[in-house]
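K.L.:
Quick note, the sequences are listed as chains B and Y, same order. With the numbering used here, letter number 206 in the first sequence gets 727, and the count goes up by one each step, no holes. With the numbering used here, letter number 30 in the second sequence gets 52, and the count goes up by one each step, no holes. Please see the structure below; I have some questions.
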Amino acid sequence: MADNEKLSRRDMLTLGVITLGSLSFAQFLPTALESKEAQKNKKIRYGMVIDLKKCIGCNACVIACKQENNNPIGYYRTWVKDVERGSYPQVKRGFIPLLCNHCESPICNRNCPVKATYQRPDGLVLIDYDRCIGCKYCMVSCPYNMRFPHPYRRTADKCTFCVHRVDRGLKPACVDACIGKARIFGNLLDPTSEASQLIARQPVHVLKPEQNTKPRVFFLNLDYIMVEANKNDFEYMKYSHRKVFQEMNINESQMKDNYQFLKGKCGADRTYNYKLKVNIDKVGAL
Amino acid sequence: MEEVCRVIYNAPHEIYLATPIAIYFFLTGISAASFIISTLAYVFGIKRFKAAGKIGAVIAPLVLIIGPLFLIYDLLRPVRFYHLMYMFNYHSPVSWGSVLLTIYPINCLFYLYYIWKEDYPKIRFFGYLGIPLAIAVHGYTGFILALAKGIALWNTPLMPIYFLVSAMVSGTALLIILSIFKETFLKTNTMITRFFPPVEKEVIWELGRLLAVFIALDFLVAFSDIVLLYYTTPENSIVAKVMIKGPFRNMFLVMEIGLGMVLPFIVLLIPKLNKSYPVLVTIAVLVLIGIWAMRYVTVVAGQYVPLM
Chain B
522 MADNEKLSRR DMLTLGVITL GSLSFAQFLP TALESKEAQK NKKIRYGMVI DLKKCIGCNA
582 CVIACKQENN NPIGYYRTWV KDVERGSYPQ VKRGFIPLLC NHCESPICNR NCPVKATYQR
642 PDGLVLIDYD RCIGCKYCMV SCPYNMRFPH PYRRTADKCT FCVHRVDRGL KPACVDACIG
702 KARIFGNLLD PTSEASQLIA RQPVHVLKPE QNTKPRVFFL NLDYIMVEAN KNDFEYMKYS
762 HRKVFQEMNI NESQMKDNYQ FLKGKCGADR TYNYKLKVNI DKVGAL
Chain Y
23 MEEVCRVIYN APHEIYLATP IAIYFFLTGI SAASFIISTL AYVFGIKRFK AAGKIGAVIA
83 PLVLIIGPLF LIYDLLRPVR FYHLMYMFNY HSPVSWGSVL LTIYPINCLF YLYYIWKEDY
143 PKIRFFGYLG IPLAIAVHGY TGFILALAKG IALWNTPLMP IYFLVSAMVS GTALLIILSI
203 FKETFLKTNT MITRFFPPVE KEVIWELGRL LAVFIALDFL VAFSDIVLLY YTTPENSIVA
263 KVMIKGPFRN MFLVMEIGLG MVLPFIVLLI PKLNKSYPVL VTIAVLVLIG IWAMRYVTVV
323 AGQYVPLM
């Protein structure tokens with residue numbers, strides 16, 4: 522095993538060429554390596570609109586997110602909550618895709634003691650995995666429960682709006698995967714983008730507006746009774762991640778092998794280091 | 023139309039902060055309270071508390087050096103705990119804690135050192151400095167919970183006060199146990215008696231009365247907290263039901279309220295019982311268990327209700 526892990530001279534050369542190539546490529550990225558002022562003048566604020574009438578609950582976004590970001594088994598950056606409402610003659614089934622809201626005033630950012638969570642000028646709330654100490658305070662702070670402890674990287678983790686794709690002009694993986702086009706991603710400050718036009722024309726809602734976090738994921742046709750459904754339903758509470766997968770006879774080492782196998786092969790792992798772009802000490806503070 | 027909703031699928035939900043955090047809250051509470059009781063004698067000049075205050079002055083730094091170890095153990099990356107020291111975010115109560123947990127034990131050690139040397143002006147200086155620090159070092163833990171605004175049980179302005187009052191309860195109880203232990207078993211040990219003068223009977227009885235006062239205050243705060251939770255927003259009433267009827271019923275109603283507050287308070291009012299050492303020790307142990315239950319229930323039951 523040890524022989525395989527050593528780098529040969531040819532490998533080193535290839536690696537060097539790739540590094541140089543990607544560094545020079547980084548100069549031409551649309552938003553990369555620009556100052557906060559320049560980004561502000563460009564007026565970019567990413568957000569998402571989710572049309573719940575178009576969501577059919579196929580979970581393609583969950584799988585796409587898993588493929589793109591190599592989420593460990595049992596943990597989700599986005600998931601689709603599935604709710605049944607009413608009793609027999611009048612029954613309604615609803616799906617609510619949930620993901621990090623990339624709030625305008627994020628409480629996770631404010632409560633992070635080491636400023637590992639920061640907000641970019643274009644609104645993405647991201648985590649610096651090298652700074653994060655894993656105190657888990659952001660996970661209890663988030664009113665939407667969108668954060669989880671990454672079991673192998675040993676830090677907090679959450680949705681990044683696929684920052685590595687967005688910076689190259691692509692849409693997040695879940696948006697591309699959505700077969701009903703329920704998820705619409707775009708620049709909310711650009712009046713011609715589909716997302717901002719929907720927000721301007723339709724009645725939109727956000728989750729938990731009373732928390733004053735100003736979420737930037739908007740919902741069309743949101744049913745608040747369905748969102749709040751599980752509050753009284755503690756039955757599923759006895760299932761932690763581990764228990765669910767123990768019942769499926771998947772053990773801890775298998776899950777870790779799965780993660781290690783896909784590490785470096787997923788879209789998010791292959792791309793450039795996006796956190797180099799901003800000075801966290803200046804951007805991270807509110 | 024009746025609203026019957028059933029969750030068919032949702033992402034599994036975990037409880038992130040659990041026992042180590044509760045232990046840490048319990049220990050800082052004891053430390054802050056013992057320090058404040060010791061300042062009764064050495065700063066405010068109530069001479070009869072001197073012997074008991076000396077025990078308090080020893081407990082305060084001792085417990086506070088153990089406490090943060092639980093915090094570091096609870097980190098996902100314990101090796102990176104030093105990030106807290108230089109990557110400071112003044113918005114975050116955890117960052118306030120990293121400053122307070124550095125300054126307060128040092129202050130406690132100076133205070134103890136000058137008590138040993140019997141240098142009264144310097145004891146008073148570090149005592150006056152230590153009182154706000156002791157309140158802050160435990161009060162900030164209340165802010166940690168209160169500023170996690172998504173969680174209904176925590177997000178209340180009562181939380182820092184609830185923590186401070188229950189800290190005084192646990193600190194007084196521990197002081198009673200240690201004083202009685204010293205008076206019963208270590209009376210002839212010269213190593214101990216050289217530094218610790220004997221604690222008089224009357225002082226222990228007075229600590230018992232002080233305990234009754236703190237328990238009454240604690241009950242008031244706990245009662246107003248749970249009543250306001252029960253009758254307000256849906257989130258609040260659900261978490262109150264989890265505590266009163268749900269899986270935390272035994273810990274909250276029996277251990278915290280029943281055995282930790284009501285029973286000790288009644289016993290402390292009975293004239294003959296509140297002067298017998300075995301009864302006082304039993305009560306103090308019950309009170310400590312009750313405060314431990316309070317810490318645990320507050321930390322865990324708050325996260326028990328799923329947010330999404």
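Note that CB positions come from ideal geometry on N, CA and C, so glycine has one too.
(1) Beta-carbon of I313/Y versus every beta-carbon of chain B: anything under 8 Å?
(2) Can you check whether the CB of R737/B is closer than 8 Å to the CB of L709/B?
(3) Tell me where the beta strand (DSSP E) around G568/B begins and ends.
(4) Quick test of the definition: if touching needs 3 or more C-beta pairs under 8 Å, does the region 136 to 148 of chain Y touch the region 174 to 185 of chain Y?
(5) Apart from the five residues just before and just after D240/Y, which ones in its own chain have a Cβ nearer than 6 Å to its Cβ?
(6) N632/B lies in the alpha helix (DSSP H); which residues open and close that run?
(7) Go to E519/B, then tell me how far its alpha helix (DSSP H) extends in each direction, as first and last residue.
(8) Hey, R631/B and S114/Y are a contact pair by Cβ (cut 8 Å); roughly how many whole angstroms apart?
(9) With a 10 Å radius around its C-beta and 16 neighbouring C-beta atoms as the bar for buried, classify K679/B as buried or exposed.
(10) Might you give, ordered along the chain, the residues of its own chain that have their beta carbon closer than 6 Å to the beta carbon of Y38/Y, omitting 5 neighbours on each side?
(11) Can you tell me which of D141/Y, N129/Y and L169/Y puts its alpha carbon nearest to the alpha carbon of I153/Y?
(12) In chain order, which continuous runs of the alpha helix (DSSP H) of length 4 or greater are located wholly inside the region 95 to 121 of chain Y?
(13) Could you tell me the alpha carbon to alpha carbon distance between A716/B and C586/B, rounded to whole angstroms?
(14) Please confirm whether L97/Y has its beta-carbon closer than 8 Å to some beta-carbon of chain B.
(15) I'd like to know whether the C-beta of L150/Y is nearer than 8 Å to at least one C-beta of chain B.
(16) So, at 8 Å on beta carbons, what are the nonlocal neighbours of I226/Y in its own chain, with the 5 sequence-adjacent residues on each side left out?
(17) DSSP on I237/Y, reduced to helix/strand/coil?
(18) So I45/Y contacts chain B; which residues on that side make the cut at Cβ distance below 8 Å?
(19) Nearest chain B C-beta to G161/Y closer than 8 Å, yes or no?
(20) Does I42/Y come out as helix, strand or coil in the three-state DSSP assignment?
(21) According to a CB-to-CB cut-off of less than 7 Å, which residues of the region 720 to 732 of chain B neighbour chain Y?
(22) Reducing DSSP to helix, strand and coil, say where L710/B ends up.
(23) According to the Cβ coordinates, are H105/Y and R652/B closer than 8 Å?
(24) Return the Cβ separation of P618/B and T599/B in integer angstroms, given the expectation that the two are a contact with Cβ distance under 8 Å.
(25) Can you round the beta-carbon distance between T676/B and G655/B to whole angstroms, since I take them to be within the 8 Å contact cut?
(26) Buried or exposed: which applies to Q723/B, given that a residue is buried once 16 or more other Cβ atoms fall within 10 Å of its Cβ?
(27) By DSSP, does R675/B sit in helix, in strand, or in coil?
(28) Is there a C-beta anywhere in chain Y that falls below 8 Å from the one on N525/B?
(29) Name the DSSP bridge partner or partners of C27/Y?
(30) Residues of chain B with a CB under 8 Å from the CB of Y38/Y: which are they?
(31) So, is the C-beta of N111/Y closer than 8 Å to a C-beta in chain B?
(32) Which whole-angstrom value is the C-beta distance of V309/Y and A40/Y, which I expect to be below 8 Å?
(33) Is the distance from the Cβ of V646/B to the Cβ of C621/B below 8 Å?
(34) Output the distance between the C-alpha atoms of S545/B and A694/B, rounded to the nearest integer angstrom.
(35) Considering R614/B, what are the terminal residues of the beta strand (DSSP E) in which it resides?
(36) Going straight from the alpha carbon of M316/Y to that of V261/Y, what length do you get?
P.N.:
So, to answer that:
(1) no
(2) yes
(3) Y567 to D572
(4) no
(5) V187, S188 and V191
(6) I628 to N632
(7) No answer is possible for residue 519/B: it lies beyond the span of chain B, which begins at 522 and ends at 807.
(8) 7 Å
(9) buried
(10) none
(11) N129/Y
(12) 105 to 108
(13) 20 Å
(14) yes
(15) According to the sequence shown, residue 150/Y is Tyr rather than Leu. No - not a single Cβ of chain B is within 8 Å of the one on Y150/Y.
(16) A74, I198, S201, I202, E205, Y299 and L302
(17) helix
(18) Near I45/Y there are no residues of chain B at all, since even the closest Cβ is about 15 Å away, more than 8 Å.
(19) no
(20) The residue asked about is misnamed: residue 42/Y is Pro in this sequence, not Ile. Note: P42/Y maps to helix in three-state DSSP.
(21) Q732
(22) coil
(23) yes
(24) 6 Å
(25) 5 Å
(26) exposed
(27) coil
(28) Only weak support is given to the placement of N525/B: the predicted model assigns it a pLDDT of 47, under 50, and the question is left unresolved by the model.
(29) R606/B
(30) K657, M660, V661 and P670
(31) yes
(32) V309/Y to A40/Y, Cβ: 23 Å. No contact.
(33) yes
(34) Residue placement at S545/B is flagged as unreliable, the pLDDT there being 48, under the threshold of 50; a coordinate-derived value is accordingly withheld.
(35) K613 to L620
(36) 15 Å
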